[in-house]
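J.:
2 protein chains.
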Amino acid sequence: MAPFGQCSIESALGVIGDRWSILIMRDAFRGIRRFSEIHEDLGIPKAVLADRLRDLVGAGVLDKRQYMDHPPRFEYRLTNMGRELSPILVSLMHWGDKWLSAGDPPTVLLHSPCGTEVEIELHCRTCQRDFDPTEITSRHSWSADTSESGTNEPETGEPATAPRGAM
Amino acid sequence: MAPFGQCSIESALGVIGDRWSILIMRDAFRGIRRFSEIHEDLGIPKAVLADRLRDLVGAGVLDKRQYMDHPPRFEYRLTNMGRELSPILVSLMHWGDKWLSAGDPPTVLLHSPCGTEVEIELHCRTCQRDFDPTEITSRHSWSADTSESGTNEPETGEPATAPRGAM
DNA sequence: CGACTCAGTTCGGTTTCCGAACTTAGTTGA
DNA sequence: TCAACTAAGTTCGGAAACCGAACTGAGTCG
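Protein chains in written order, with the working numbering: chain A, 25 to 191; chain B, 25 to 191.
Structure, rendered in structure tokens:
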């Protein structure tokens, strides 16, 4: 495996492939921008936070700026690159809501102009419709097939051949 | 911070909040299902792989089944819960493609019925359009505002107030 | 019988994580 | 002016996780 090479998922994980990094970015979306705020909000050890912020700034998803000279105070703001992580956070949130939350989702995202709940969907512009994961194929050295077992207590049967799927 | 409590992103990270877990799930989508295959594909230490597979099965995103009795052989298949992680993987891939890949994206996902490139978009059913991250608000104890700096070399200025944003 | 495969477990060494204490620069209140 | 306080880190020692390599055990193949 080349270090963060051939697969974009791997490359992406090189930047946000750790629990804390994602939570720090979530905080950034929430408007939590200062070292001490993040520290308090997440309960992350300060040394680790300092480390992660350095990495995230280095990767280009956060920007460190001094917003006050006396005393010197800093904040970490989303860059465009960082802001575009939101589909990832939105999908994580939706998945957690659906499969892990007991009862009501803790947070609901809204489309601010109209107040409708945000949806994130796999969409096909040609077919003009949303579709689900089983309809994904990939183009590369692999070929088709993402279909797996059909329920969460999957049916038995089906041979052990390993057709190559997406991603 | 309650351990994996109030925020669905945190809960989700409790299941796939580690680099290896996500790569193992990606392999599952690719049709790589056997212990030895995953080990070889990822270069993950066997002890760690055994650990992660236990966790992922325990969490309900993979199902371990014996597909052969003599000799006993096992495979790990996606459950429905696992399959529905795909929007997360798709967004990770798109983000990596856009911001980290030099040149062509290593893998392109296609809508299998028609061969069009897969898109994943924030969508509003009321406005009948896709929109971008700056138009997200949340409903909970926080209020609006996700707007941050506007470029990847963000403009200076703007006060240090921390309006609460989404997620 | 010997070599091989799969699916792990065990082992020692290295890296990372963690919480607590410390630092440095500046501010506020008495 | 001195003490207490805050923000943004750094330093420290112990605990946990990670790593590659070696080992295990069930079963197969020639």
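Virtual Cβ for every residue (Gly too), placed ideally from N, Cα, C.
Listing by chain order, which chain A residues have their CB less than 7 Å from the CB of B/Gly115?
T.: The question names Gly, but residue 115 of chain B in the sequence shown is Ser. Going along chain A in sequence order, the residues near B/Ser115 (Cβ under 7 Å) are Pro111, Ile112, Ser115.
J.: Where do the ends of the beta strand (DSSP E) carrying A/His94 lie?
T.: Run containing A/His94: none; DSSP gives neither H nor E here.
J.: Per DSSP, what kind of secondary structure is A/Ile112 in: helix, strand or coil?
T.: Reduced to three states, the DSSP call for A/Ile112 is helix.
J.: To the nearest angstrom, report how far apart B/Arg89 and A/Gly120 are at their CA atoms.
T.: 25 Å
J.: Roughly how many whole angstroms lie between the Cα atoms of A/Val132 and A/His147?
T.: 22 Å
J.: Do A/Pro157 and B/Arg107 count as a contact pair if the criterion is CB distance below 8 Å?
T.: yes
J.: Since A/Ser32 is in the alpha helix (DSSP H), which residue starts that stretch and which ends it?
T.: 32 to 40
J.: Taking a contact to mean a Cβ-Cβ separation below 8 Å, would you say B/Thr140 touches A/Thr150 in this structure?
T.: Judged by beta-carbon spacing, A/Thr150 lies within the 8 Å limit of B/Thr140, meaning their Cβ atoms are closer than that value.
J.: For A/His135, decide whether its Cβ has a neighbour in chain B, counting only Cβ atoms nearer than 8 Å.
T.: yes
J.: On the CB-based measure, 16 or more other CB atoms within 10 Å of its CB, does A/Ser32 come out buried or exposed?
T.: buried
J.: Since I believe A/Leu86 is in contact with A/Leu73 (beta carbons under 8 Å), could you give me their beta-carbon distance rounded to a whole number of angstroms?
T.: Contact doesn't hold; Cβ gap of about 12 Å is too wide.
J.: Tell me the residue span of the beta strand (DSSP E) that contains B/Val132.
T.: 132 to 135
J.: Quick one: list the residues of chain B neighbouring A/Phe155, beta-carbon separation under 7 Å, in chain order.
T.: His135
J.: Measure the alpha-carbon distance for B/Leu113 versus A/Phe53 and round it to whole angstroms.
T.: 20 Å
J.: On the DSSP bridge list, what partners appear for A/His118?
T.: Per DSSP, none; premise fails for A/His118.
J.: So that I know if they touch, is there some Cβ in chain A lying closer than 8 Å to that of B/Gly127?
T.: No - not a single Cβ of chain A is within 8 Å of the one on B/Gly127.
J.: Using three-state DSSP, classify B/Ile144 as helix, strand or coil.
T.: Reduced to three states, the DSSP call for B/Ile144 is strand.
J.: Please classify B/Glu64 as buried or exposed, where buried requires at least 16 neighbouring CB atoms within 10 angstroms.
T.: exposed
J.: Drop a sphere of 10 angstroms on the beta-carbon of B/Ser45, count the other beta-carbons inside from all chains shown, and report buried for 16 or more, exposed for fewer.
T.: buried
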